[in-house]
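Colleague:
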Amino acid sequence: YAGLSETDAAWFGERNLLEGSGNALSELSSHSVVAGDGQLYTIASDAWRNALEQSLSESERSALHLDLAELGLATQRPGLPIVHHLLAAGHPERALDHLAPLVAIEIEPNSLRAVMHMTSRQVADVLGRALTAAEALRRRPREIAAIQHWLCLTGIYGEVESYARAAAAWRK
C-alpha cells in the first residue's frame, strides 16, 4: 500500500494485532523509522524496511502479510496489493480468486500502473508469482491466459523478462 493511516493502525489495534497503535506510530515517527504527514505513514527508507523484514521469522512475515491483505479487503483498497499480500502469506488460491476479476477487465495498456496502484516492477513481480501459482494449481486455461496477457502488458514499461515469460507460452 502507499502507506498506512492512523485509522489503519486502529484497525490493527481493534483486532489485537498491534498494541498501543497510536503511540507506536508516534514513537516510530520520532525515531525516523516511519515518515508521515499525520494522515499517512510509510516506512522511512529501504534500509529500515529491510531491517524490519529481517527481524521477522517466516511465520511472522506470513501472518503480517495476511493481516495486511485482510486490512486491504476490509478497507476496500485496490486489488493487486491485496493479491501480493495473499501470495506472500501463503494463500495462493485466495490470491488468484481475488485476482481473477481484476485481470478479466480490458484496459488501455498505458493505464496499467494507474489501474494496479503499483510500479511496473511491482506489477510484474506480483503477476509473475500469480502465474506461477495459477500454473501449479492448474487453474483454468482462460484464467492463466488472462494473467499472461497482463504480464505481457508490463513489457510496455520495460519489464522485458516478464513479457518474454508470458509471450513464450503463446508461441507454443
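Plus 19 on top of the position in the sequence shown (first one is 1) and you've got our numbering.
Beta carbons: idealized from backbone N, C-alpha and C, even for Gly.
(1) Within this structure, are the beta carbons of residue 158 and residue 115 separated by less than 9 Å?
(2) Would the C-beta of residue 121 count as close to the ligand MN, meaning under 8 Å from any of its heavy atoms?
(3) Can you find the residues in the same chain that come closer than 7 Å, C-beta to C-beta, to residue 102, ignoring five residues on each side of it along the sequence?
(4) Would you decide whether residue 180 is buried or exposed? Buried here means 16 or more other CB atoms lie within 10 Å of its CB.
(5) On the criterion of 16 or more Cβ atoms from any shown chain inside 10 Å, does residue 104 qualify as buried, or is it exposed?
(6) Based on the DSSP output, what are the partners of residue 24 in its beta bridges?
(7) What whole-angstrom Cβ distance do residue 139 and residue 94 have, given they're in contact under 8 Å?
(8) Rounded to whole angstroms, what is the Cα-Cα separation between residue 96 and residue 166?
(9) Between the Cα of residue 22 and the Cα atoms of 183, 151 and 68, which residue gives the shortest distance?
(10) With the cut-off set at 9 Å, would you say residue 54 and residue 66 are in Cβ contact?
(11) Quick one: is residue 75 buried, meaning 16 or more other Cβ sit within 10 Å of its Cβ, or exposed?
(12) Going by the CB atoms, is the gap between residue 135 and residue 87 shorter than 9 Å?
(13) How many Å lie between residue 161 and residue 73 at the Cα?
Modeller: On the basis of the supplied data:
(1) Against the sequence shown, residue 158 aligns to sequence position 139. Against the sequence shown, residue 115 aligns to sequence position 96. Yes, they are a contact pair.
(2) Judged by which ligands are present, the structure shown has none, so any question about the ligand MN falls away.
(3) In the sequence shown, residue 102 corresponds to position 83, counting from 1. Taken in chain order, the residues that qualify are 114, 117, 118, 145 and 149.
(4) The residue labelled residue 180 in the question sits at position 161 within the sequence shown. Exposed, because fewer than 16 other Cβ atoms sit within 10 Å of the Cβ of residue 180.
(5) Mapped onto the sequence shown, residue 104 falls at position 85. Label assigned to residue 104: buried.
(6) Start at 1 with the first residue of the sequence shown, and residue 24 comes out as number 5. Answer by DSSP bridge pairing, in chain order: 59.
(7) The count along the sequence shown starts at 1 and reaches residue 139 at position 120. The count along the sequence shown starts at 1 and reaches residue 94 at position 75. About 24 Å separates the two Cβ atoms, so there is no contact after all.
(8) Within the sequence shown, numbered from 1, the residue matching residue 96 stands at position 77. Within the sequence shown, numbered from 1, the residue matching residue 166 stands at position 147. Between residue 96 and residue 166, the C-alpha separation is close to 20 Å.
(9) Taking the first residue of the sequence shown as 1, we reach residue 22 at position 3. Nearest C-alpha to residue 22: 68.
(10) Numbered from its first residue, the sequence shown carries residue 54 at position 35. Numbered from its first residue, the sequence shown carries residue 66 at position 47. Their beta carbons are not under 9 Å apart, which means residue 54 does not touch residue 66 by this criterion.
(11) Taking the sequence shown and counting its residues from 1, one reaches residue 75 at position 56. Residue 75 should be labelled exposed.
(12) As a first step, residue 87 is located in the sequence shown; it is residue number 68 there, counting from the start. As a first step, residue 135 is located in the sequence shown; it is residue number 116 there, counting from the start. The answer is no: Cβ separation not under 9 Å.
(13) Indexing the sequence shown from 1 puts residue 161 at position 142. Indexing the sequence shown from 1 puts residue 73 at position 54. Cα to Cα, residue 161 sits roughly 38 Å from residue 73.
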